[in-house]
Amino acid sequence: MFNSTIFNDSTKTDADVAAQCAMEFYPETFYQVLPNQVFANFSLNSTGTGASAIGFREYYEQATESVVNGVDYEGDQTEWSKQVIDMCAGYKTDYIEVFVEDSSSFDDELERTITSDIPLFFFAYGTMFIFASLTLGSAFNILNNRAIVAIADVFGVILGTAAGYGVAALCGVSFTSIIQILPFVLVGIGLDDAYVMAFAFDQTDAKLPVDTRIYQSTSKAGMSITVTSFTDIGAFLFGSITKIPAITWFCQYAALAILFIYIAHITYFPALLALDAQRVKSRRADCLPCCKLSTENQSGESENLVKPPQKPNLSEWCFGNYADVLLKPAVKVFVLLFFMTLFAIGVWQVTLVKTNFELRDLTPDNSYLRDKLDAENKYFGSGDLGRIPTALYFQEINYRDGDVQKEMQRLVSWLGNQSTIDTNEPMLNWHLVFSQWASEAYANNTSMDGKYVVGDVFYTALKRWLTMDESLQFHEQLVLTPDNSTIKASRIVAFHEPGIDAQHNVEMLKDAHSLPDTFLEPKPFVSSDVYIFFDQYRIIIPETMVSVGLSFISVLLVCTIFLVYPRHVAVIVVVLVMIFVVLFGSLPVWGIDLNALSAVNLIVAIGFVVDYSVHIIHSFGLQGTTLTKDQRVKGALTTMGPSVFMGISTTFLGILPLAFATSEGFRIFFKMLFSIIIIGGSHALIFLPVLLSLVGNSQTFAPTITADPTIIHAREDDCDASAILEGPKNKLPEGNSFMGEADEPIDGLQLTLQAAERGNATSFKTGGQGSPCPRVAHASSSYCEPGE
């Protein structure tokens, strides 16, 4: 549009410059001069002899065809663009600073964002390898450490993620840049399952056969990870029901990846535990299984017997003491008041949430494109866009008809009167300019008081007008048929005011959609390239609420099936709502707007917080019926608290590298995921236990133990002779952890059967005669037999 040669030849003095700036049309091209589209803060003085501006911009158009006259210029075009960017990006002197953007810049910079953050993946998974190796077993214990299992499990998570990605791609689900965040999240979910399974395995008796220990631990922990995995999968699948494609694709990839990670942890991981237990049993070193360690216990103790109860490990001891403090009445009151206050603050903060999305957030911090977008925002208007062109499009209407032309101008007037249209920028109205010229040149063939040329003369006049210089600026606004006989489509261009914020952009969209009724067929419409981008602001709040609401429904359905007790399901829903409100309210605190990126995190939050909370409430439901609610809460925290805490820790370590990402978009993920961990973890380990101690179900899902007058015997070599008993054979259902007792005096002794939380190993005691007699109960058999 701007010809520097003509400008330099015709401008020798300041007066010449002012005259050129005051011109209505560009010389040579006759395009209309739109100063505010070219110059930043452009102004003429009152006499028109002086002009000022603080910046300007130029556009250069390359050939749209890569092959011209048999010569392929595509490579030359790409190389030319690269050279221009290399030359202009970062160029600065005392008088001028240059910013540059190419049509492919955004794609190139987004690719650079992805590739530059690849080392973060290796750092995240390397950290997971080390952390899991030190914490999945007994750290620094060459026999009981589980470094090999931990490393193998991380690889299992990687393979599960790859399988989910592969199936999604096979099903035609598109891959977007935000999906590359998933591996940071999935490694935490996978290791959380591993900690739950490993901790349950450690609670079984080491003297039992390995397959029995696997059965007992899987029957207990398997249900817990099944509930959490299926709530995650359901939350993502339901969350994918949205009009925003990026959220849909993200949720579909996440659901499939979590499904395969779950499958790995109910098949592959138990096998790892079994192999590792065999290694420990044969006393081989963890990382060097070829090296056999010396035997420390030479007592000849049978490997098939249960060891006497051992002292709790450090994590159990810590959470036991933590529970004692948490369940004090004064502490309960403080916790309830604190979290209710936090919820109230969250509700208030939600009202401050805004919708917006900046393209610059997806570019690297040191990107030339980011600098250009910032400069354009500073000098030409906010929203990275400046003044936004829009157009009223007409299709194959009967342009010869005077009534049709009058209706066209009525709609054009409507467009110009919209509140978001910049009245300081003239419209590019080809029909008005043409009609003014034609009404004089063809005065005898006009209608509507001489305003419009009608009939066949319309196209005669149009063809003549299109050969004139003053029509050159409108050639892009008309599309003719191949024989140039009729108009196939046309448009009238106007300009919106610079975007102020997302709400203003939504108003632009509403104006465009409020086109009045018209008799024209096909129907005219208003459109702009950026409207599809603005549409996310219009639908992001309702679509986010729909996705989150459906995710809540999926959680409700899964928890109703697996948690059994309606009261516990209600507790989960209440806690989930509180967490979501507080998390939503954290957006303004971080300075994050609601958009596709943050909406994805809100859906991810549902899965995470359900993971943390369901483990605790499921363990609470398995505690003994004879225990008080406080005792059951303590039991749940002691048995499941360490696993939940480790899951929180691994998730934090998994997302920590995102804090060092090269783009703000990925750092937004870190901020929100960090909020999810802190808010979700604190509710699961602090607020939920207190709530359960007050409103938790008073009964547990424990089948009644029935007696059968079948004689059973304890092994004489395992107990004092006085403890050899005969008594009822107790029928037990398969695959259940349970508690119960059979009170029948047998030879003056009281028989007590108790299935402990740690597996289904039971013990019965004599009524004061002899020592406790160990006894093994296999839930895999129909009856509880001693010594099996």
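Under my numbering, the first residue of the sequence shown is numbered 108, with each subsequent residue one higher.
For each residue, glycine too, the CB sits at the ideal point set by N, CA and C.
Which residues bound the alpha helix (DSSP H) around Thr-319? The count along the sequence shown starts at 1 and reaches residue 319 at position 212. Segment 317-346, the alpha helix (DSSP H) holding Thr-319.
For Lys-461, report the span of its alpha helix (DSSP H) as first-last. On the sequence shown, residue 461 is found 354 positions in, with the first residue counted as 1. Note, Lys-461: premise wrong, no alpha helix (DSSP H); not H, not E.
Can you list, in chain order, the residues of its chain with a C-beta nearer than 6 Å to that of Phe-446? Leave out the 5 residues immediately preceding and following it. The residue you call residue 446 lines up with position 339 of the sequence shown. Same-chain partners within the cutoff: Phe-794.
I need the straight-line Cα distance from Val-653 to Pro-316, nearest angstrom please. Indexing the sequence shown from 1 puts residue 653 at position 546. Indexing the sequence shown from 1 puts residue 316 at position 209. For Val-653 and Pro-316, the distance between alpha carbons rounds to 50 Å.
Closest to Phe-464 by C-alpha separation, out of Ile-288, Ser-245, Ala-609 and Tyr-475, would be which residue? For the purposes of this step, residue 464 is identified with residue 357 of the sequence shown, where counting begins at 1. For Phe-464, the nearest C-alpha among the options comes from Ala-609.
Taking 7 Å as the limit between beta carbons, can you name the residues of its chain near Val-688, skipping five residues before and five after? Translated into the one-based positions of the sequence shown, residue 688 becomes position 581. Phe-450, Gly-453, Val-454 and Val-457.
Assuming Ala-601 is part of the beta strand (DSSP E), what are its boundary residues? Counting from 1 along the sequence shown, the entry for residue 601 is found at position 494. Unbroken beta strand (DSSP E) run through Ala-601: 594-603.
Flag this pair as yes or no: are the beta carbons of Tyr-302 and Met-753 separated by less than 7 Å? Within the sequence shown, the letter at position 195 stands for residue 302. Within the sequence shown, the letter at position 646 stands for residue 753. Cβ atoms of Tyr-302 and Met-753: closer than 7 Å.
When burial is assigned at 16 or more other CB atoms within 10 Å of the CB, is Phe-426 buried or exposed? For the purposes of this step, residue 426 is taken as the residue at position 319 of the sequence shown. Burial call: buried.
With Val-586 as the anchor, note down where its alpha helix (DSSP H) starts and where it stops. Numbered from 1 along the sequence shown, position 479 holds the residue referred to as residue 586. Where Val-586 is concerned, there is no enclosing alpha helix (DSSP H), although the beta strand (DSSP E) it sits in stretches over 585-587.
Between Lys-461 and chain C, is any beta-carbon pair separated by less than 7 Å? In the displayed structure, chain C is absent; only one protein chain is listed.
How would you label Leu-772, buried or exposed, when you count the other beta carbons within 10 angstroms and need 16 or more for buried? Mapped onto the sequence shown, residue 772 falls at position 665. For the sequence presented, residue 772 should be read as Gly rather than Leu. Buried: at least 16 other Cβ atoms inside 10 Å.
Report the option in Asn-252, Val-511 and Asp-478 whose CA atom is closest to the CA atom of Phe-238. The sequence position of residue 238 within the sequence shown is 131, counting from 1. It is Asn-252 whose Cα lies nearest to the Cα of Phe-238.
Excluding the 5 residues preceding and the 5 following Lys-418 in the sequence, name in chain order all residues of the same chain whose CB lies nearer than 6 Å to its CB. Looking up residue 418 in the sequence shown gives position 311. Only weak support exists for where Lys-418 lies, its pLDDT of 44 falling under 50; the value from the coordinates is given anyway. Cβ within range, chain order: n/a, list empty.
Cutoff 8 Å; reference Asp-491; Cβ partners in own chain excluding five residues on either side: As a working mapping, residue 491 is identified with position 384 in the sequence shown. Note that Asp-491 has pLDDT 43, beneath the 50 cutoff, so the model's placement of it is unreliable and no number is given.
Classify Tyr-500 as helix, strand or coil using the three-state DSSP reduction. Stepping through the sequence shown from its first residue, residue 500 is reached at position 393. Strand, per DSSP.
Phe-281 to Ile-660 span [Cα, whole Å]: Here residue 281 refers to the residue found at position 174 of the sequence shown. Here residue 660 refers to the residue found at position 553 of the sequence shown. Before going further, note that residue 281 is Ser rather than Phe in the sequence given. If I take the Cα positions, the gap works out to 26 Å.
Look up Lys-399 in the DSSP assignment and give the residues it is bridged to. Within the sequence shown, residue 399 is the residue found at index 292, counting from 1. Answer is Arg-391.
Have a look at Leu-569, Pro-396 and Leu-799 and flag the residue whose alpha-carbon is nearest the alpha-carbon of Tyr-672. Numbered from its first residue, the sequence shown carries residue 672 at position 565. The option with the nearest alpha carbon to Tyr-672 is Leu-799.
For Thr-497, which option in Leu-366, Val-519 and Glu-577 has the closest C-alpha, if you only look at C-alpha atoms? The residue given as residue 497 occupies position 390 in the sequence shown. Closest in alpha carbon position to Thr-497, among Leu-366, Val-519 and Glu-577, is Val-519.
In three-state DSSP terms, what is Ser-750? The count along the sequence shown starts at 1 and reaches residue 750 at position 643. Taken through DSSP and simplified to helix, strand or coil, Ser-750 comes out as helix.
Please go through the same chain and pick out, in chain order, the residues whose beta-carbon is closer than 7 Å to the beta-carbon of Ser-245, but skip the five residues on each side of it. The count along the sequence shown starts at 1 and reaches residue 245 at position 138. Around Ser-245: Asn-251 and Asn-252.
Do the region 703-710 and the region 769-786 make contact, defined as three or more Cβ pairs closer than 8 Å? Taking a cut-off of 8 Å on C-beta distances, the region 703-710 touches the region 769-786, as three or more cross pairs fall below it.
Leaving out five residues on either side along the sequence, give the residues of the same chain with a beta carbon under 6 Å from the beta carbon of Thr-120. Within the sequence shown, the letter at position 13 stands for residue 120. Closer than 6 Å at Cβ, skipping near neighbours: no residue.
Who does Leu-701 pair with in a DSSP beta bridge? Counting from one through the sequence shown, the residue named residue 701 turns up at place 594. Leu-701 pairs with Thr-462.
Counting only the same chain and skipping the five closest in sequence on each side, list residues whose C-beta sits under 7 Å from that of Thr-242. Reading the sequence shown from its first residue, position 135 is the one you call residue 242. Correct list, in chain order: Met-753.
Out of Leu-499, Asp-529, His-538 and Thr-527, state which residue places its alpha-carbon closest to the alpha-carbon of Lys-513. Taking the sequence shown and counting its residues from 1, one reaches residue 513 at position 406. Taking only the C-alpha atoms, the option nearest Lys-513 is His-538.
Under a Cβ-count criterion, where at least 16 other Cβ atoms within 10 Å of its own Cβ denotes burial, should Gln-359 be classed as buried or exposed? By one-based count along the sequence shown, residue 359 stands at place 252. Buried, since its Cβ has 16 or more Cβ neighbours within 10 Å.
Quick one: what does DSSP say Ala-147 is sitting in, helix, strand or coil? Taking the first residue of the sequence shown as position 1, residue 147 is located at position 40. If DSSP states are grouped into helix, strand and coil, Ala-147 belongs with the strands.
Since I believe Ala-342 is in contact with Gly-787 (beta carbons under 8 Å), could you give me their beta-carbon distance rounded to a whole number of angstroms? Stepping through the sequence shown from its first residue, residue 787 is reached at position 680. Stepping through the sequence shown from its first residue, residue 342 is reached at position 235. About 13 Å; that fails the 8 Å criterion.
Look up Lys-199 in the DSSP assignment and say whether it is helix, strand or coil. Within the sequence shown, the letter at position 92 stands for residue 199. Lys-199: strand per DSSP, three-state reduction.
Are there three or more Cβ pairs, one per stretch, closer than 8 Å when the region 669-684 is compared with the region 720-729? yes
Could you tell me the boundaries of the alpha helix (DSSP H) in which Phe-230 lies? Reading the sequence shown from its first residue, position 123 is the one you call residue 230. Counting along the chain, the alpha helix (DSSP H) containing Phe-230 begins and ends at 225-242.
Specify, as a first and last residue, the run of the beta strand (DSSP E) that Val-633 falls within. Taking the first residue of the sequence shown as position 1, residue 633 is located at position 526. Here the beta strand (DSSP E) through Val-633 covers 632-634.
Phe-632 vs Tyr-506 beta-carbon contact at 7 Å: Numbered from 1 along the sequence shown, position 525 holds the residue referred to as residue 632. Numbered from 1 along the sequence shown, position 399 holds the residue referred to as residue 506. Contact: no.
Name the one or two DSSP bridge partners that Glu-186 has. Along the sequence shown, one-based indexing puts residue 186 at 79. Partner(s): none; Glu-186 has no beta bridge.
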